[in-house]
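Here is the structure we will look at.
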Amino acid sequence: VVTILAEHGLIGIFASGAAPSHIAVDRCKELDVWVGAVGAYSPESIAGLALAQLLRMLHSLDTIEDRMTRGDFSLLPTPPGTLIEKSVGIIGYGAIGQAFHRMCSSFKCKVAALDWQAADTHVPTHPHFHKETSDPAQVPRVSLPAMLATSDVVFISCLESDRTRGLLSREMLSLCKPGCVLVNVARGSIIDTDALIDRLDTGALRCVLDVYDGEVGLFFRDHQGMEGVAQRDARFARLYSHKGCMVTPHCSWWTEPALSNIGSGTYQRIRDILIAKGLME
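Residue 172 in the working numbering sits at position 173 of the sequence shown, with consecutive numbering throughout.
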């Protein structure tokens, strides 16, 4: 498609998101077609929703609300958990990962980020990961197996690529610390969903998801009830109804600041394209 468009005068492609992961960037370079993206348009919005859902899970708010609807205002038999002083691992220490780190600092969390170049991480260095070099907090770096084995919370906010799809495989998920909560605001393909469901069924871990590997055609529309959703995607229905999982329909970015920044960022990047091509001063 890019080749055909380039033959008809295409000079650039712009993605109104964090990264042009769905664009054939290498082919565009060969055709001298400029590729751009808004980038970090509102990392706090995304990290904020993730934190809200995480706290909701840790504090058993769904269970408390369910009991209250039945008139049961008594305390839970066992005190719920908390984020205070927990170990948090961050996979993808860019703008979103750093925003989540700042929020976790209020809870006195011990935070570490993934060392992409560790020998046992199994992920070759990717050109996009240079964005992680800006690290004002000098967060400790650990390998993936070490992170999974020691983290109470694993926050996933890395870019999707051939190198990160399936990063949290069945083998890797089996290494997770018992009781670990996975929080994924990146892309659904980074986690092996079938393996995740199996781990949820054992009670070994829990998860907070704002993304799903089968979300195309499922999210961003009204299905008029969950019956249709279950018929369309039984696997998603299992995730949605699982007591160890909280799912939102890829909506963490949908905030007023994000939309404003996407609009201004889109204008500025397209202007950059035109100036670079000598079509605008």
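A virtual CB, placed ideally from N, CA and C, is assigned to each residue, including glycine.
Values in this document were obtained by computation on a predicted structure and should not be read as measured data.
Per DSSP, the continuous beta strand (DSSP E) segment holding Ala-14 begins and ends at 11-14.
With the rule of 3 Cβ pairs closer than 8 Å, the region 79-97 counts as touching the region 153-170.
Per DSSP, the unbroken beta strand (DSSP E) holding Lys-109 starts and ends at 109-113. For Ser-86, DSSP records a beta bridge to Lys-109. Contact between the region 205-217 and the region 167-187 is present: three or more C-beta pairs spanning the two stretches fall below 8 Å.
One thing to note: Val-34 has its Cβ within 9 Å of the Cβ of Ile-12.
Looking at the DSSP output, Trp-252 shares a beta bridge with no other residue. A Cβ-Cβ contact shorter than 9 Å links Ile-10 with Ile-272. Under the three-state reduction of DSSP, Phe-235 is assigned to helix. DSSP places Leu-166 outside any alpha helix (DSSP H), giving it a letter other than H or E. Rounded to whole angstroms, the gap between the alpha carbons of Ser-44 and Cys-27 is 31 Å. Look at Ile-155 here: in three-state DSSP terms it is strand. The straight-line gap separating the alpha-carbon atoms of Arg-270 and Cys-250 is approximately 28 Å. Rounded to the nearest angstrom, the gap between the Cα atoms of His-241 and Arg-198 is 11 Å. Apart from sequence neighbours up to five positions away, the residues of its chain that approach Ala-275 with a beta-carbon distance below 7 Å are Trp-33, ordered along the chain. Less than 9 Å divides the Cβ of Val-180 from the Cβ of Met-56.
Looking at Ile-261, Thr-247, Val-152, Gln-230, the one whose alpha-carbon comes closest to that of Arg-205 is Val-152. Per DSSP, the continuous alpha helix (DSSP H) segment holding Leu-54 begins and ends at 42-57. When only Cα atoms are considered, Trp-115 and Gly-165 end up about 15 Å apart. Looking at the backbone, the Cα of Gln-52 and that of Thr-81 are separated by about 12 Å. As the crow flies, the alpha-carbon of Leu-143 is around 28 Å from that of Val-215. Ala-49 is positioned such that its CB atom lies no closer than 9 Å to that of Ala-94. In the three-state scheme derived from DSSP, where H, G and I count as helix and E and B as strand, Ile-22 is classed as coil.
Shortest Cα-Cα distance from Ile-189 to any of Leu-238, Val-1, Arg-162, Ser-86 involves Arg-162.
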